[in-house]
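Following the UniProt record's numbering, the numbering of the sequence shown begins with 1 at its first residue and continues without gaps.
Ideal Cβ placement from N, Cα and C applies to all residues, glycine included.
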Amino acid sequence: MAPVALPPGFRFHPTDEELVAYYLSRKINGHKIDLEIIPEIDLYQFEPWELPSKSLLPSNDLEWYYFSPRDRKYPNGSRTNRATKAGYWKSTGKDRKVNSEMRAVGMKKTLVYYQGRAPNGHRTDWVMHEYRLDEAECEINSGLQDAYALCRVFKKSPTTIPKFPSSPQENTFTNIDILQMSSDHDQSSSIDIYSEGRCDDNLVDSSDFSVPIERCSTSLTHGPSSSICEAGDGQWMQYLNEDEFY
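See the structure below:
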């Protein structure tokens, strides 16, 4: 079947409900689909990177839709054989119900493609949503609900990891920048503390601290040097803002 060309601006973005209640239901029950844009292929005969060329609806959206017969892993079992030549599709998470008009019409399973053989396969960015029709939606009770699955295949964008500097040359800040920021921070802090220009020798006693300080530095204030208090032996001086205690 030749690819279908849609008019410019049109996109095929069906919801889960539309995929199951319309497309998959009509496919299994033998009803006509107005626009045949979902091909039928044996999906597990191909690797995921080979699937875009099988689509009837070429798209830049990096997602594709297919009807695929459900191949049983065991003749008398219910498990589907999802192995390909180069890897396998592994289910992840729990199956979720697909609802339409307040009732469940099908189930949705999420699978991830792994290259290699289990259990040592390598996880890839290829993801598939597999839709199955509920038995109650089959017009003829003959087990046809398991004859086909509708599959949406897409490739996730790889997660971008922020790059951190691997060498001093790649660092945005130089040593001079860091010293300047430190100096600005110290100056700003000292302005807050000594903004009133007060000094009380008896407010703080040096015995409360492990390291005595001999005198206040003149570099921490903007006023004249005469406004700076000098402490004698065992004396401390502090310029404290009353707001610091509330």
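Checklist entry - Would a C-beta distance cut-off of 8 Å place Tyr131 and Gly93 closer than the cut-off? => result Taking 8 Å as the cut-off, the beta carbon of Tyr131 is found no closer than this to the beta carbon of Gly93.
Checklist entry - Are there 16 or more other CB atoms within 10 angstroms of the CB of Trp89, so buried, or fewer, so exposed? => result Taking every protein chain shown into account, the CB of Trp89 has 16 or more other CB atoms within 10 angstroms, so this residue is buried.
Next on the checklist: Going by C-alpha to C-alpha distance, which of His31, Asn29, Arg123, Val20 sits closest to Pro48?
Outcome noted: Nearest C-alpha to Pro48: Arg123.
Next on the checklist: Could you tell me the alpha carbon to alpha carbon distance between Phe46 and Glu36, rounded to whole angstroms?
Outcome noted: Phe46 and Glu36 have their C-alpha atoms some 21 Å from each other.
Checklist entry - According to DSSP, is Ala149 helix, strand or coil? => result In the displayed model, Ala149 falls within a strand according to three-state DSSP.
Item to check | Identified DSSP bridge partners for Lys156 | outcome: Its beta-bridge partners do not exist; DSSP assigns none.
Checklist entry - With C-beta atoms as the reference, is Ile28 less than 8 Å away from Cys138? => result Judged by their CB atoms, Ile28 and Cys138 are nearer to each other than the 8 Å cut-off.
Item to check | Best match in Val127, Leu43, Asp95, Ser91 for proximity to Ala118 [C-alpha to C-alpha] | outcome: Comparing alpha carbon positions, the residue from Val127, Leu43, Asp95, Ser91 closest to Ala118 is Ser91.
Item to check | Nonlocal neighbours in the same chain, by C-beta distance under 8 Å from Tyr66, ignoring five residues either side | outcome: Take Tyr66, set aside five residues on each side of it, and the residues of its chain with a beta-carbon closer than 8 Å to its own are Ile38, Pro39, Glu40, Ile41, Leu43, Leu51, Lys54, Ser55, Leu150, Cys151, Val153, in chain order.
Checklist entry - Mind checking whether Thr110 and Val98 have CB atoms under 8 Å apart? => result No, Cβ-Cβ distance for Thr110 and Val98 is not below 8 Å.
Item to check | Exposure label - Ala21; buried when at least 16 CB within 10 Å | outcome: In this structure Ala21 is buried. Its beta-carbon is surrounded by 16 or more other beta-carbon atoms within 10 angstroms.
Next on the checklist: For Asp95 and His129, what's the separation of their Cα atoms in angstroms?
Outcome noted: Going from the Cα of Asp95 to the Cα of His129 covers about 10 Å.
Checklist entry - In terms of residue numbering, what span does the alpha helix (DSSP H) encompassing Asn29 cover? => result Counting along the chain, the unbroken alpha helix (DSSP H) around Asn29 starts and ends at 25-29.
Item to check | Beta-carbon contacts of Tyr114 that lie in its chain and below 8 Å, excluding the five residues immediately before and after | outcome: Closer than 8 Å at the Cβ level, and outside the excluded window around Tyr114, lie Gly87, Tyr88, Trp89, Lys90, Gly121, His122, Arg123, Thr124.
Checklist entry - Skipping 5 residues on each side, what residues in its chain have a beta carbon closer than 8 Å to that of Leu6? => result For Leu6, where only same-chain residues beyond five positions count, the Cβ hits under 8 Å are Phe12, Leu57.
Checklist entry - For the putative contact between Leu19 and Leu133, defined by C-beta atoms under 8 Å, what is the C-beta separation to the nearest angstrom? => result At roughly 10 Å, the Cβ-Cβ gap does not stay under 8 Å, so Leu19 and Leu133 are not in contact.
Next on the checklist: In this structure, how does DSSP classify Ser100 when only helix, strand and coil are distinguished?
Outcome noted: Residue state, collapsed to three classes: strand.
Checklist entry - So what does DSSP say about Glu47, is it helix, strand or coil? => result It is coil, neither helix nor strand.
Next on the checklist: Using C-beta distances below 8 Å, list every residue in its chain close to Pro158, excluding the 5 sequence neighbours before and after it, in chain order.
Outcome noted: Only Asp125 meet the Cβ criterion.
Checklist entry - Given a threshold of 16 other Cβ atoms within 10 Å of its Cβ, counted over all protein chains shown, does Arg103 qualify as buried or as exposed? => result It is exposed - the Cβ of Arg103 has fewer than 16 other Cβ atoms within 10 Å.
Next on the checklist: Counting C-beta neighbours from all protein chains within 10 Å, is the total for Asn202 16 or more, i.e. buried, or is it exposed?
Outcome noted: Bear in mind that a pLDDT of 45 at Asn202, under 50, signals an unreliable position, so the model cannot answer this.
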